[in-house]
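Mapping of the sequence shown onto this note's numbering: residues 4 to 374, in sequence order.
Glycine included, each C-beta is placed from N, C-alpha and C at the ideal position.
Just so you know, these numbers come straight off a predicted model, no measurement behind them.
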Amino acid sequence: MNSWIKGKLSSIHLFWAVIILVVGLLFIEQTKSIQPTPYYNEQIKAAQLMEKCLEVIKEERLKRDISLDLELDPNQTGIIGREYTQLTTTLGNLEAKRTSTNPAFAALLVKYFKKINLRKGDVIAIGASGSFPALILATLSAAKILELEPLFIYSIGSSEYGANIPEFTFVQMLEVLNKKNVLPYKLLAISMGGYLDQAQGMFYPDSQKIIHQIAQVSGATFIKVDNMAENIQQRMQLYREAAGERPIKAFVNIGGATANYGNTPASITYPNGLITNGPKAPDHSERGLIFEYQIIGIPVIHLLNIKDLAIKNGLPIDPIPLPEIGEGRVYLQIVYSRLIIILVIGIEFLYLFWALKNGLGYPFMKKLRQG
């Protein structure tokens, strides 16, 4: 006759089981190593390409007799704009703008793209305002090194210190990068930006006229829809048509253009960085492309709160001078020894097995043979 009875776990054996586990976890932590990421070489190349872009833009800016303000741009990147111009839409944080000029952000974009397993030829959609031109360079540099296919829609309006110099917007920056064979990409479409994407309520009375002229001469498809819900849908249609039968694998938002970022309270709290499982989308026609793409399962990379992004990824805030390429946590990863993890688990398992086998375990069921 067979029957089962419960054993009881003595406190001393429970104590030693916990001690073995804690010591094992501490040993795992102490033996971890810091190593370059598996995509370190691509990160370095992307950062170098972004650095080259900045050099070309600075050279072109000076060639056009647009001086550098060393108080605003102590690293002389050439991509920091002015405080108020006809293109300025809102207030901007100068420290955030300078932080974004670090080429390590190109390495960060490589990291994001690799995390979602993007491969050569994959299509990504990019929506950007003029607020963070350096982050546009970071994204395009990473895309080129990884041989992705970016579809880029640009909104001209910019917060303070962005690409807000009327005679040298990101439109002109991209053109010179094309001519110098640094970046091959063209604008898919362009819009005015600002309130309702129509440059309304700007600081200067002639802002709307100037921005309209910049858009017209850009040669890109001009999005002129003032109904925001329709504006958002037109952008999605432009991306779809340009992608053809190829799926869009990611959406990158840079800055706070309403069509990309949305016009709802949920937009304000949308998390930064790479988002693969975002917050609940609002039931609103103006929720923006970040939510539209999230809903259909496409990863979103949201680049807006730059200080937050920098802190989370080990990048310095407003560094002077800029760090050397390859310097920083974004190029590194923590590696734990699989052998040690298996060893710790094995020791813990063997101890528990020994204790249970000797009738010391709860809720271990001890089988007795009777009769």
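- Of the candidates SER161, ASN181 and PHE356, SER161 places its Cα closest to the Cα of THR93.
- Non-local C-beta neighbours of VAL333 in its own chain, meaning closer than 8 Å and more than five positions away in sequence, comprise GLN46, ALA107, ALA110, LEU111, LYS114, ASN316, GLY317 and LEU318, ordered along the chain.
- Counting the other Cβ atoms within 10 Å of the Cβ of GLU54 gives 16 or more, which makes it buried.
- DSSP, read as helix, strand or coil, puts PHE18 in helix.
- Taking C-beta separations shorter than 8 Å and ignoring five residues to either side along the sequence, the partners of PRO169 in its chain run THR88, GLN89, LEU90, ILE213 and ILE217, following chain order.
- For VAL174, no beta strand (DSSP E) segment is defined; the enclosing uninterrupted segment is the alpha helix (DSSP H) at 173-182.
- The three-state reading of DSSP puts PRO319 in coil, since its state is none of H, G, I, E or B.
- Membership of LEU241 in the alpha helix (DSSP H) is indicated by the continuous run 231-246.
- The DSSP-derived three-state label of ASN256 is strand.
- With contact defined as three or more Cβ pairs closer than 8 Å, the stretch 55-70 and the stretch 113-130 are not in contact.
- Straight through space, the alpha carbons of GLY84 and TYR164 are spaced by roughly 4 Å.
- The criterion of a C-beta distance shorter than 8 Å is not satisfied by ALA137 and SER158.
- Counting C-beta atoms within 10 angstroms of its own C-beta, TYR296 has 16 or more neighbours from the protein chains shown and is therefore classed as buried.
- Between LEU306 and the set PHE225, GLY258 and LEU199, the nearest pair of CA atoms involves GLY258.
- Between MET231 and THR272, the gap from beta carbon to beta carbon reaches 8 Å or more.
- For PHE135, the closest of LYS123, ALA99, GLY124 and LYS147 by C-alpha to C-alpha distance is ALA99.
- Only residues of its own chain outside the window of five on either side were considered, and among them GLU351, TYR354, LEU355 and ALA358 have a CB closer than 8 Å to the CB of ALA20, listed in chain order.
- Distance check between VAL174 and each of VAL26, GLN203 and VAL220 places VAL220 closest, using alpha-carbon atoms only.
- When rounded, the separation of the alpha-carbon atoms in THR267 and HIS287 is 8 Å.
- In the structure shown, VAL228 falls within a coil segment according to DSSP collapsed to helix, strand and coil.
- Beta-bridge partners of HIS287 (DSSP): none assigned.
- Contact between the stretch 29-38 and the stretch 325-339 is present: 3 or more CB-CB pairs across the two stretches fall below 8 Å.
- Apart from the 5 residues on each side of it in sequence, GLN203 sits with its Cβ closer than 8 Å to the Cβ of GLY197 and GLN211 in its chain, given in chain order.
- Counting along the chain, the unbroken beta strand (DSSP E) around VAL303 starts and ends at 303-306.
- Less than 8 Å divides the Cβ of PRO302 from the Cβ of ALA253.
- When DSSP assignments are scanned along the stretch 187-224, the uninterrupted stretches of alpha helix (DSSP H) that are 4 or more residues long and fall wholly within it turn out to be 210-220.
- When the beta-carbon positions are compared, ASN78 and ILE328 stay at least 8 Å from each other.
- Contact annotation: ALA141 and LEU190 have beta-carbon atoms that are not nearer than 8 Å.
- In this structure, the straight-line span from the alpha carbon of VAL228 to that of GLY331 is close to 43 Å.
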